[in-house]
Amino acid sequence: MSTNDDAQPLPDDSTHETSGSNDRKQKIPPGQPDALQDSQQASSGLSIDSLTVHAGDHCLLQDVQASLPAGKITLIVGSSGAGKSVLLRILAGLVGRQSGSLRWEGTITKTDNQQEPQIGIVFQQFALFDELSPQANVQFALDHRFTEPQRDQVPPTQTDNEASSPSSETAFGHWPATQWIDHLGVPGKTPVAHLSGGQKQRVAVARTLAASPDVILYDEPTSGLDSSSGALVANLIQQIQQQDQKTCIVVTHDYQTLLPIADHVLLLDWQSKQLVPLRPEQWQEIPNRMTPVANKTESATSTAEQSLGKQAAGKLSEFFESSGRAVMAAARLPIDLIPLVPRPKWAFRFTGHYLRLVAGPSAWVYLIIAGLIIGFTSTYFTFKFLPFRSYSQPLLIDELLASIGFALYRVLVPILATILIAARCGSAVAADVSVKQYGGQVDAMRTLGVLPKSYLLLPIVCAFLIGTPLLEWVTFASARFISMVVYVSMFPNDGPYFWQQYFDRNLVAGSASETVSLFGIIEFYRDWQWVQAKNLFCALGIATISYYRGLTPKRSAGDVSRSITSTVLWTTLYVLVVHFVVALVEF
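In terms of the working numbering, the sequence shown opens at residue 12 and continues consecutively.
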């Protein structure tokens, strides 16, 4: 979390002060006395009309009418469990009108027109892409910003120094990622995982501002911080709002820390199911009005008293529902894979990330070891425990070698390799997507108008389609090599040429034209199409299952673990079914 050392205030610029609402100080750029007023008029507020929210059978909000003023900091406070997080996700556009047990009605528009607002959100858990640098995180937002800045908006009399000033609203629109990072005092090339909590928060703020949203939401920005660090975060929010003059909405229960920077306060009253505006003189009443949410004892008791049979029926129903969703996902996969990619360079970048997960060095080592094991056991034990060895071996040795080669190439290695890819690579990808879902990165994509399938599903499928055939070939190559070593060590008088002649007999069928070579390194033997068909069918299924299992809602680390476990279960089962079905046709 943030500390006093890593949450330093923003660099101060030459300003003079004027009194703002609630007597807090507003910074006005020198020589531009009307800049604050003009930028506030240019920003957009939010208008909430007839908002009703239900979570299951429980009504959280009912027919709410509210206006969140433009260019101001609005604080939304409420008791734990009152529905603040749900309201924030609705405002951010992250919850559909019917999403599981949650449903809502009403409209949320800009106050200056009836268009849907562009919302940016600074997540409580930061929601930064760990595989990207801080600078790349900001660049991602710049490349997917809501509106592109117009160069003709910059006044012709503006000097270079004024254009680089953080107080200039037009200058913000033209800042590159490096300038955002430098302005907020964050190292641009340091891996995100090595940043402190305060630095991550600043990167999250920079990414949100770089997207140029109409409204900025802050989700519990001081949660888990001590009072000193919380005050520094509040100061950061205030400075950002003063410099960029965006409409800011802060959803929090830590009202003591954030009240000093607020212009407008709304209380989410769980009893009246309304957003109640509070005048400044009423702010001292907030502790008394934030009463604990009543427990739904009746509902809890009824759930606890459910019979074991009903619970089992519920689990069975959930199983069939999830299975049905998986089948539907597989059916619509061709549509989902339509490359609606906003920025090809980011699609390639995410593809590279997932290709490293699927077919990185550790995967090669893993599959090479597996190939060595299957090649050794199939060759050594076939000849070691051959019945009536002294009589049958001279008669059957060539047939046995041909059978070993055929079995390894067409059956054993494809099954073993794809099962191991499903277990190792499928779980790695599911873990990555699960962490992105749990950590808010998927929601961060959505707030930037990016569909997760564009930079997650499509790159994952491409990574598996490329990686699976490569890893299967590596497995077979290592199995073939160790088979030769084992045979030559057991029958030194025959030599490698004898082994190769009979090991490949059923693979090339005595014709060189039956073998296809790729770059002179990878050889595809006769009927290689069957092997690759199994590889590609398995790759598509593993990729789809891994993605959709990872994308399921995650409320805890336990959900992430269960998602990984279920991915291993379903992908390995899917691979076995594919090989069984194809074998019925192939042979």
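Glycine residues also receive a C-beta, built at the ideal position from the N, C-alpha and C atoms. Since this is a predicted model, take the numbers as computed values, not measurements.
Nearest C-alpha to C436 among V542, L412, W375: W375. A buried status is given to S389, since no fewer than 16 other beta-carbon atoms sit within 10 Å of its beta-carbon.
CA-to-CA, the gap between A81 and L228 works out to about 13 Å. Residue environment for L139: buried (at least 16 other C-beta atoms within 10 angstroms of its C-beta). Contact annotation, V216 with V133: C-beta distance approximately 6 Å; criterion of less than 8 Å satisfied. Put simply, the backbone Cα of S96 is about 22 Å away from that of S55.
Taking 3 residues as the shortest admissible run, the stretch 223–301 contains the following complete beta strand (DSSP E) segments, listed from N- to C-terminal end: 226–230, 258–263, 275–280, 285–289. Put simply, of N517, I59, G386, Y498 the residue whose alpha carbon is nearest the alpha carbon of W539 is N517.
It is roughly 32 Å from the alpha-carbon of E116 to the alpha-carbon of G569.
Comparing alpha carbon positions, the residue from P463, H364, S112 closest to Y559 is P463. Assigned with DSSP and collapsed to three states, S110 falls in strand. By a beta-carbon distance limit of 8 Å, P425 contacts K545. Their separation comes to about 5 Å.
In terms of Cβ geometry, S572 and G561 do not form a close pair [threshold 9 Å]. Apart from sequence neighbours up to five positions away, the residues of its chain that approach L419 with a beta-carbon distance below 8 Å are I385, G386, S389, F487, A490, R491, S494, ordered along the chain. Between the C-alpha atoms of I379 and I430 there is a straight-line separation of about 14 Å. With fewer than 16 other Cβ atoms from the protein chains shown falling within 10 Å of its own Cβ, V596 counts as exposed. Around the Cβ of C473, a 10 Å sphere holds 16 or more other Cβ atoms; the residue is buried. Secondary structure at L469: helix, using DSSP grouped into helix, strand and coil. Relative to Y266, the option among S283, D230, Q256 whose CA is nearest is D230. Put simply, the backbone Cα of G94 is about 32 Å away from that of I556. Bounds of the beta strand (DSSP E) holding D60 are 57–66. Rounded to whole angstroms, the Cβ separation of T258 and V226 is 5 Å, and the two are in contact under 8 Å.
The beta-bridge partner set that DSSP reports for V75 consists of L62.
Just so you know, the alpha carbons of S110 and R457 end up roughly 15 Å apart. With a contact defined as Cβ atoms closer than 8 Å, V261 and I248 qualify at about 7 Å.
Around the Cβ of N148, a 10 Å sphere holds 16 or more other Cβ atoms; the residue is buried.
Around the CB of D515, 16 or more other CB atoms lie within 10 Å, so the residue is classed as buried. By the criterion of a C-beta distance shorter than 8 Å, Y377 is surrounded in its chain by L431, R435, once the five residues flanking it on both sides are discounted. Bridge pairing for V88: T263, L278 [DSSP]. In this model, H264 and L86 are separated by some 10 Å (Cα to Cα).
Cβ-Cβ separation between F475 and A550: approximately 4 Å, consistent with a contact (criterion under 8 Å). The alpha carbon of R290 has as its nearest neighbour, out of L423, W281, H275, T302, the alpha carbon of H275. Distances from the alpha-carbon of Q295 to those of K284, K395, P271, P198 put P271 closest.
Shown here, W115 sits in a strand according to DSSP, grouped into three states. For G569, no pairing in a beta bridge is given by DSSP. In the same chain as G478, and ignoring 5 residues on each side of it, the C-beta atoms closer than 8 Å to its own belong to L366, V369, A370, A374, I432, C436, A550, in chain order.
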